[in-house]
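Visitor: First residue of the sequence shown: 5, per the working numbering; consecutive thereafter.
We put the CB at the ideal spot given by N, CA and C, even for glycine.
Supplied in structure tokens, the structure appears directly below.
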Amino acid sequence: MKQFLKPFLALLLIFNVISSAWAELKLPAIISSDMVLQRNTEVTLWGWSDQKKVTIKVSWLKDKVETKADKEGKWEVKISTTDSRASQSIIISDEKSQVALENVLFGEVWLCSGQSNMEQPVKGFNAQPTFGTLDALMKSANPNLRLFTVKRASSKVLSDNLEENEPWQEATPQSVSDFSAVAYFYGQQLQEFLGVPVGLIHTSWGGSSVQAWMSEEALSPHQEIDLTDVDMTKGTQRIPTVVFNAMVNPLIPYNIKGVIWYQGESNRSDPEGYKTLFPNMVADWRSRWAIGDFPIYFVQVAPFTYRQDQNVYQAPKNSAFIREAQLECVDLIPNSGIAILMDIGDSTTIHPPRKKEVGERLLYNALNKTYGFTSIDGDSPALDTLIVSDAKCILKFKYAERGLYAYDQLVGFEIAGEDRVFYPATAKILNRNEVHVSSDQVKDPIAVRYAWQNWIEGTLFDTNLLPASSFRSDKWDNATRFSNQ
């Protein structure tokens, strides 16, 4: 009899484990008390249950909503939100259990992603500060600003939930200290400006490549993906698709207003490839969220020495090429904008400490393009036309309606002739919107470059003090720089 009972009890135990996989009503980690739901739209709530019928009762609607779980136990509903500033509640129940969500707000929800410069917290990294930390923390308590951080994770297959993740938190000195500095400065000022609640979802990983943030469907047309024998413990953040699977897919379809993105250093060795991969990543994310072409505002990598000879001129050692690729992505990605950092890099660290300015420049883009405050300029000046006259290159710029500006002298300009050798040049702002560039060593110039090196401090701005990106008027792959040696 005992011999018969042992296998029977084992089977019974297996059956109980299987049948209780969703024995209790379960919600994804991104849906919790204290969350912010995108206002004035139709948001998605979802979860899992082993019961067929699930009921959702929300405080802002009179009637409850009922839905059914599918054969895998997943259920999903869409519910309209309003512009109410009042705290809301949600009760979700099935025939066995109930989950109550409290202190829910309607507002603006932004996803904040990228690599270490997005990841850098308000308190800074060890021996790498974020300027303004203590002042920011003293003023950080704000019940209308809510924060959610996705913990580092990776997966070879698509994950449908975040494991062991903390719920949404109100902004306090403690929660803000560990939160992304760029995201915090962006969201804190957005909340103050609009006067509505703001929710920030932070998902980033230092050293990550754009390939890691792409789905297999988006990346596979560009490279072969076989993760069968890949060691996930080594260089995880650069393994194709695994970060997307574990740190982005579980957030979909939580409704967002848009994305801010700070990444590119890990892809600087292939600037041409980045111009294909990054736009494809954005298109794929938009397709998966299925809420239209939401805005994405991204950061151009800042000047830095990269521990290499500052006289390097060719790609990929010259980071001016990846900055150029990122600038060109603005035209390749609809409903996008870029924050230029030519004046706030740091020669000694790849993590520039002036993160508040980064958040502000992203915010200028959003306020101008997404929220319709056209008096707030979000576009840095960009080269428009080049005219050669009397041995001078005359440069005219777009996005500089009120003119150009330099704190002191313009530096970093070079010109070249047919020999494709660039010489240091003198540059001056004339006629408000023109830069005249010349060199005694180039009698017949045909091309101009500005700030075309790894480390340099930008000197060209518009009247709103937004810096111009490094740029070149040529597309030469074999240009050189004049040397006295």
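Measuring only the C-alpha atoms, how far is Thr245 from Asp230?
Guide: The residue you call residue 245 lines up with position 241 of the sequence shown. The residue you call residue 230 lines up with position 226 of the sequence shown. Computed Cα separation, rounded: 10 Å.
Visitor: Mind checking which residues open and close the alpha helix (DSSP H) that includes Thr280?
Guide: If you number the sequence shown from 1, residue 280 lands on position 276. Judged by DSSP secondary structure, Thr280 falls within the alpha helix (DSSP H) whose first and last residues are 275–293.
Visitor: Assuming Gln31 contacts Val103 (C-beta within less than 8 Å), just tell me the rounded distance between them.
Guide: Indexing the sequence shown from 1 puts residue 31 at position 27. Indexing the sequence shown from 1 puts residue 103 at position 99. Going by the sequence as given, residue 31 is Leu instead of Gln. Their Cβ separation, rounded to whole angstroms, is 6 Å, which keeps Leu31 and Val103 in contact under 8 Å.
Visitor: Rounded to the nearest angstrom, what separates Val62 and Glu332 at their Cα positions?
Guide: Within the sequence shown, residue 62 is the residue found at index 58, counting from 1. Within the sequence shown, residue 332 is the residue found at index 328, counting from 1. When rounded, the distance between both Cα atoms is 45 Å.
Visitor: Would Ile391 be called buried (16 or more neighbouring beta carbons within 10 Å of its own) or exposed?
Guide: The residue labelled residue 391 in the question sits at position 387 within the sequence shown. Around the beta carbon of Ile391, fewer than 16 other beta carbons sit within 10 angstroms, so the residue counts as exposed.
Visitor: Decide yes or no for the touch test of the region 127–145 against the region 268–283: beta carbon pairs closer than 8 Å, at least 3 of them.
Guide: no
Visitor: Pick helix, strand or coil for Leu15, following the three-state DSSP scheme.
Guide: Taking the first residue of the sequence shown as 1, we reach residue 15 at position 11. Note that Leu15 scores 41 on pLDDT, short of 50, meaning its location in the model is unreliable and no value can be drawn from it.
Visitor: Could you check whether Tyr301 and Ala404 sit closer than 9 Å to each other, using their CB atoms as the reference points?
Guide: The count along the sequence shown starts at 1 and reaches residue 404 at position 400. The count along the sequence shown starts at 1 and reaches residue 301 at position 297. It is not a contact, given that the beta carbons lie outside the stated cut-off.
Visitor: Could you say which of Val200, Ile344, Ala216 lies nearest to Lys359 if we only look at CA atoms?
Guide: Here residue 359 refers to the residue found at position 355 when the sequence shown is read from its first residue. Ranking Val200, Ile344, Ala216 by Cα distance to Lys359 puts Ile344 first.
Visitor: Confirm, please, whether the CB-CB distance from Ala451 to Ser477 is below 9 Å.
Guide: The residue given as residue 477 occupies position 473 in the sequence shown. The residue given as residue 451 occupies position 447 in the sequence shown. Contact: yes.
Visitor: Please state if the CB of Pro257 and the CB of Ile205 are separated by a distance shorter than 9 Å.
Guide: The residue given as residue 205 occupies position 201 in the sequence shown. The residue given as residue 257 occupies position 253 in the sequence shown. No. Outside cutoff.
Visitor: Can you find the residues in the same chain that come closer than 6 Å, C-beta to C-beta, to Leu115, ignoring five residues on each side of it along the sequence?
Guide: Residue mapping note: residue 115 aligns to position 111 of the sequence shown, counting from 1. Beyond the five residues adjoining it in sequence on each side, Leu115 comes within less than 6 Å, by CB distance, of Ile205, Ile260, Val263 in the same chain, given in chain order.
Visitor: Indicate whether Gly51 and Val40 have their beta-carbon atoms separated by less than 9 Å.
Guide: Looking up residue 51 in the sequence shown gives position 47. Looking up residue 40 in the sequence shown gives position 36. Contact: no.
Visitor: If I'm right that Arg150 touches Glu174 with Cβ under 8 Å, what's the distance once you round it to whole angstroms?
Guide: As a working mapping, residue 150 is identified with position 146 in the sequence shown. As a working mapping, residue 174 is identified with position 170 in the sequence shown. That belief holds up - the Cβ atoms of Arg150 and Glu174 are roughly 6 Å apart, short of 8 Å.
Visitor: Compare the beta carbon distance of Val425 and Phe486 with 9 Å and say whether it is the shorter of the two.
Guide: For the purposes of this step, residue 425 is taken as residue 421 along the sequence shown, with counting starting at 1. For the purposes of this step, residue 486 is taken as residue 482 along the sequence shown, with counting starting at 1. With respect to the 9 Å criterion, Val425 and Phe486 are classified as neighbours on the basis of their beta carbons.
Visitor: Return the chain-ordered list of same chain residues with a C-beta closer than 6 Å to the C-beta of Leu336, the five sequence neighbours on each side being excluded.
Guide: Along the sequence shown, read from residue 1 onward, the residue named residue 336 stands at position 332. So the list reads Pro283, once near-sequence residues are dropped.
Visitor: Excluding the 5 residues preceding and the 5 following Pro299 in the sequence, name in chain order all residues of the same chain whose CB lies nearer than 6 Å to its CB.
Guide: On the sequence shown, residue 299 is found 295 positions in, with the first residue counted as 1. Within the same chain, Pro299 has close Cβ partners Gly262, Asn339, Thr374.
Visitor: Could you check whether the region 214–231 touches the region 177–197, counting it as contact only if at least three pairs of C-beta atoms, one from each stretch, sit closer than 8 Å?
Guide: no
Visitor: By DSSP's criteria, Tyr454 is part of a beta bridge. Which residues make up the other side?
Guide: Here residue 454 corresponds to residue number 450 of the sequence shown, with the count starting at 1. According to DSSP, which records beta bridges pairwise, Tyr454 is partnered with Phe417, Phe475.
Visitor: On a CA-only basis, which of Phe417, Ser144, Ser213, Leu414 is nearest Ser179? Give me that one, please.
Guide: Locating residue 179 in the sequence shown gives position 175, where the first residue counts as 1. Nearest in C-alpha terms to Ser179, of all of Phe417, Ser144, Ser213, Leu414, is Ser144.
Visitor: In this structure, how does DSSP classify Asp164 when only helix, strand and coil are distinguished?
Guide: As a working mapping, residue 164 is identified with position 160 in the sequence shown. Note: Asp164 maps to coil in three-state DSSP.
Visitor: DSSP beta-bridge partners for Arg43?
Guide: Within the sequence shown, numbered from 1, the residue matching residue 43 stands at position 39. None, per the DSSP bridge assignment.
Visitor: Look up Gln102 in the DSSP assignment and give the residues it is bridged to.
Guide: Counting from 1 along the sequence shown, the entry for residue 102 is found at position 98. DSSP output for Gln102 lists Ser97 as bridge partner(s).
Visitor: Beta carbon of Asn148, beta carbon of Pro225: below 9 Å?
Guide: Counting from 1 along the sequence shown, the entry for residue 148 is found at position 144. Counting from 1 along the sequence shown, the entry for residue 225 is found at position 221. No; because the gap between Cβ atoms is not below 9 Å, this pair is not in contact.
Visitor: Inspect the beta-carbon positions of Asn249 and Val214 and report whether they are closer than 9 Å.
Guide: Walking along the sequence shown from the start, residue 249 turns up at place 245. Walking along the sequence shown from the start, residue 214 turns up at place 210. Going by C-beta atoms, Asn249 is not nearer than 9 Å to Val214.
Visitor: Return yes when the Cβ of Leu366 is within less than 9 Å of the Cβ of Phe197, no when it is not.
Guide: Counting from one through the sequence shown, the residue named residue 197 turns up at place 193. Counting from one through the sequence shown, the residue named residue 366 turns up at place 362. For the 9 Å CB-CB criterion, Phe197 and Leu366 do not form a contact.
Visitor: Cβ atoms of Thr463 and Tyr427: under 9 Å apart, would you say?
Guide: For the purposes of this step, residue 427 is identified with residue 423 of the sequence shown, where counting begins at 1. For the purposes of this step, residue 463 is identified with residue 459 of the sequence shown, where counting begins at 1. No; because the gap between Cβ atoms is not below 9 Å, this pair is not in contact.
Visitor: Going by DSSP, which residues form a beta bridge with Asp466?
Guide: As a working mapping, residue 466 is identified with position 462 in the sequence shown. According to DSSP, which records beta bridges pairwise, Asp466 is partnered with Leu408.
Visitor: Would you mind sorting Ser88 into buried or exposed? The rule is 16 or more other CB atoms within 10 Å of its CB.
Guide: Within the sequence shown, the letter at position 84 stands for residue 88. By the neighbour-count rule (16 or more Cβ atoms within 10 Å), Ser88 is not buried but exposed.
Visitor: Helix, strand or coil: how does DSSP classify Leu231 here?
Guide: Locating residue 231 in the sequence shown gives position 227, where the first residue counts as 1. Correct three-state label for Leu231: coil.
Visitor: Name the DSSP bridge partner or partners of Gly210?
Guide: Position 206 of the sequence shown, counted from the first residue, corresponds to residue 210. DSSP, once it has assigned bridges, lists no residue as partnering Gly210.
Visitor: Quick check on the DSSP output: the beta strand (DSSP E) that includes Val126 runs from which residue to which?
Guide: Residue mapping note: residue 126 aligns to position 122 of the sequence shown, counting from 1. That residue, Val126, is in no beta strand (DSSP E); it is neither H nor E in DSSP.
Visitor: Alpha carbon to alpha carbon, how far is Val47 from Lys68? Give it in angstroms, no decimals.
Guide: One-based indexing of the sequence shown puts residue 68 at position 64. One-based indexing of the sequence shown puts residue 47 at position 43. If I take the Cα positions, the gap works out to 15 Å.
Visitor: According to DSSP, simplified to helix, strand and coil, what is Val154?
Guide: One-based indexing of the sequence shown puts residue 154 at position 150. Val154 falls in the coil class under three-state DSSP.
Visitor: Hey, Ser120 and Ile354: beta-carbon distance below 9 Å or not?
Guide: To locate residue 120, count along the sequence shown from 1; it is residue 116. To locate residue 354, count along the sequence shown from 1; it is residue 350. Yes, the pair counts as a contact, with Cβ atoms nearer than the cut-off.
Visitor: Assuming Met142 and Tyr266 form a contact by the criterion Cβ under 8 Å, report the distance between their Cβ atoms to the nearest whole angstrom.
Guide: Taking the first residue of the sequence shown as position 1, residue 142 is located at position 138. Taking the first residue of the sequence shown as position 1, residue 266 is located at position 262. Not confirmed; about 25 Å, so no contact.
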